[in-house]
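Enquirer:
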Amino acid sequence: MILPGKTIGVLGGGQLGRMFAHAAERLGYRVHIYEPEANGPAGEVSALETNRPYTDVDALTTFARSVDVVTYEFENIPAEPLWKIENLVPLHPLSSVLEICQNRMREKTWLRKNGFPHVAFAEVEAADDLASAIRRIGLPCVVKTADFGYDGKGQIKVSDDASLAKAVASFAKQRCVIEKFIDFKCELSVLVARSSTGEVKVFPVAENIHTKHILDFSIVPARLSEAVRVDAEKLALAIVEKLNVVGLLAIEMFLTDRGEILVNELAPRPHNSGHWTLDACVTSQFEQHVRAVCGLPLGDVSVVAPVVMVNILGDAWKWSDGKLVGEANWSAILSEPRAKLHLYGKKEPRIGRKMGHFTVTAPTADAALEAARVIKARL
Numbered sequence: 038m039i040l041p042g043k044t045i046g047v048l049g050g051g052q053l054g055r056m057f058a059h060a061a062e063r064l065g066y067r068v069h070i071y072e073p074e075a076n077g078p079a080g081e082v083s084a085l086e087t088n089r090p091y092t093d094v095d096a097l098t099t100f101a102r103s104v105d106v107v108t109y110e111f112e113n114i115p116a117e118p119l120w121k122i123e124n125l126v127p128l129h130p131l132s133s134v135l136e137i138c139q140n141r142m143r144e145k146t147w148l149r150k151n152g153f154p155h156v157a158f159a160e161v162e163a164a165d166d167l168a169s170a171i172r173r174i175g176l177p178c179v180v181k182t183a184d185f186g187y188d189g190k191g192q193i194k195v196s197d198d199a200s201l202a203k204a205v206a207s208f209a210k211q212r213c214v215i216e217k218f219i220d221f222k223c224e225l226s227v228l229v230a231r232s233s234t235g236e237v238k239v240f241p242v243a244e245n246i247h248t249k250h251i252l253d254f255s256i257v258p259a260r261l262s263e264a265v266r267v268d269a270e271k272l273a274l275a276i277v278e279k280l281n282v283v284g285l286l287a288i289e290m291f292l293t294d295r296g297e298i299l300v301n302e303l304a305p306r307p308h309n310s311g312h313w314t315l316d317a318c319v320t321s322q323f324e325q326h327v328r329a330v331c332g333l334p335l336g337d338v339s340v341v342a343p344v345v346m347v348n349i350l351g352d353a354w355k356w357s358d359g360k361l362v363g364e365a366n367w368s369a370i371l372s373e374p375r376a377k378l379h380l381y382g383k384k385e386p387r388i389g390r391k392m393g394h395f396t397v398t399a400p401t402a403d404a405a406l407e408a409a410r411v412i413k414a415r416l
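Residue numbers (the working numbering): 38 to 416.
#1: Contact between the segment 337 to 356 and the segment 163 to 180: three or more CB pairs below 8 Å?
#2: For residue 253, which three-state DSSP category applies?
#3: Evaluate the contact criterion for the segment 257 to 268 versus the segment 321 to 336: three or more CB pairs, one atom per stretch, below 8 Å.
#4: From the beta carbon of residue 406, is the nearest beta carbon of chain B less than 7 Å away?
#5: Would you call residue 411 buried or exposed, if buried means 16 or more other Cβ atoms sit within 10 Å of its Cβ?
#6: Is residue 40 buried or exposed, if buried means 16 or more other CB atoms sit within 10 Å of its CB?
#7: Could you check where the alpha helix (DSSP H) with residue 62 kicks off and where it finishes?
#8: Nearest to residue 94 by alpha carbon, out of 227, 114, 180?
#9: Counting Cβ pairs closer than 8 Å, one from the segment 240 to 260 and one from the segment 217 to 230, do we hit at least three?
#10: Can the beta-carbon of residue 106 be found closer than 7 Å to that of residue 127?
#11: Nearest-angstrom Cα distance between residue 20 and residue 335?
#12: Return the first residue and the last residue of the alpha helix (DSSP H) that residue 328 is part of.
#13: What span of residues does the beta strand (DSSP E) with residue 357 cover, start to end?
#14: How many angstroms separate the CA atom of residue 282 from the CA atom of residue 132?
#15: Between the C-alpha atoms of residue 354 and residue 363, what's the straight-line distance to the nearest angstrom?
#16: Can you tell me whether residue 316 is buried or exposed? The criterion is at least 16 other CB atoms within 10 Å of its CB, across all chains shown.
#17: With 16 as the cutoff for other CB atoms within 10 Å, does residue 371 come out buried or exposed?
#18: With distances taken Cα to Cα, identify the nearest neighbour of residue 253 among 176, 368, 413.
#19: When you compare the segment 301 to 315 with the segment 389 to 402, are there three or more beta-carbon pairs, one atom per stretch, that lie closer than 8 Å?
#20: According to DSSP, is residue 277 part of a helix, a strand, or is it coil?
#21: Distance check for residue 151 and residue 57, CA to CA, integer angstroms please.
#22: Spatial neighbours of residue 223 within its chain, please: C-beta separation below 6 Å, excluding the five flanking residues on both sides.
#23: Going by DSSP, what residues sit across from residue 348 in a beta bridge?
As structure tokens, this is what we get:
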């Protein structure tokens, strides 16, 4: 058990690291951020920040020796340099988990090998004929780069000859995964915490609505039957145990029109769809992550009130001819007594960039969603 007063090292300096640092410091820990770029959201709220490349093994070694445990706030970190520090300090989740989850091909293959339900897919190596592979899978489908994709980046939906040609031109000589397009009823996510002691807690299922491949709304409790909720939680728990995760694992799923639950992606860290926990759960996902990697008893995951989380993109600022001309209308959120604003401290708003989020609670999930839509429209 790594008790309060010790130092937690975090790889990555974005908004997830920022919110993790807030939670860790409330519990009495010091936080040391390792991030290639200076002046990021996490570094400005942490006790110490190191700005060096992730591939700098000497700097990583010095960082590891300055902390009592290491975790990460996003998975697009080269796994190989972490093998060295894994021998110096506890690393949670393990680098083996990171290697699987940061590569779509390895992730899909792991799901198939271990018998977990997933979207039908084909692997395409860099030298393979991508067009032929797409035709074998059939249209419509989604072509994704094997490595380093998020928020719709590195993927194209292929539904006709024109989009097929675009995919071939965009992903020429890259390793790709081709997934059969799924007609789904809704998208779900389940966040599971597993401690270094083996204790496990499953957060309630979130129902997610995406717009242009970016999460727009997360609704809790999800508007699902009890049977579907139970099956989704059981599936998520089985994946966490099989992967031997210590920390958090977010499992994104599709609920098909036929009632099947299919795993889409895994993220071994706090997750955008878990931000609702900051305002509507006894224990936030960030505090739970601290507890899990430090071996503390895990917190209660009961929902305090039905809630909806809404991402705030750079689009919310005032723009004219592509130029930033004014602030967002923050009174749209701040004037609502049951809404909470969270901004990430990013210096420059950009169209499509996640700048923050807000939550709104209500007596029911439907009422919370209606209120969230009204606030978003005003914002």
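Idealized CB from N, CA, C, for every residue including glycine. Since the model is a prediction, treat every value here as computed from it, not as a measurement.
Expert: So, from the data block:
#1: Cβ pair count under 8 Å is below three, so no.
#2: Residue 253 falls in the strand class under three-state DSSP.
#3: Taking 8 Å as the limit for Cβ pairs, the verdict is that the segment 321 to 336 does not touch the segment 257 to 268.
#4: In the displayed structure, chain B is absent; only one protein chain is listed.
#5: By the 10 Å Cβ count, residue 411 comes out exposed.
#6: Answer is exposed; the Cβ neighbour count stays below 16.
#7: Counting along the chain, the alpha helix (DSSP H) containing residue 62 begins and ends at 52 to 63.
#8: It is 114.
#9: Pairwise C-beta distances place the segment 240 to 260 in contact with the segment 217 to 230, as three or more of them are shorter than 8 Å.
#10: Yes, the pair counts as a contact, with Cβ atoms nearer than the cut-off.
#11: For the chain, the structure presents residues 38 to 416; residue 20 sits outside this window and is missing.
#12: It spans 322 to 331 - the alpha helix (DSSP H) in which residue 328 sits, taken as one unbroken run.
#13: From DSSP, the beta strand (DSSP E) with residue 357 extends over 355 to 357.
#14: Rounded to whole angstroms, residue 282 to residue 132 spans 10 Å at the Cα level.
#15: Roughly 6 Å between the two C-alpha positions.
#16: The residue in question, residue 316, is buried, as its Cβ has 16 or more Cβ neighbours within 10 Å.
#17: The residue in question, residue 371, is exposed, as its Cβ has fewer than 16 Cβ neighbours within 10 Å.
#18: Selection 176, 368, 413 evaluated against residue 253 yields 413 as nearest (Cα-Cα).
#19: Segments in contact, yes.
#20: Residue 277: helix per DSSP, three-state reduction.
#21: The straight-line gap separating the alpha-carbon atoms of residue 57 and residue 151 is approximately 31 Å.
#22: These residues qualify, in order along the chain: 244, 292.
#23: DSSP lists 394 as the bridge partner or partners of residue 348.
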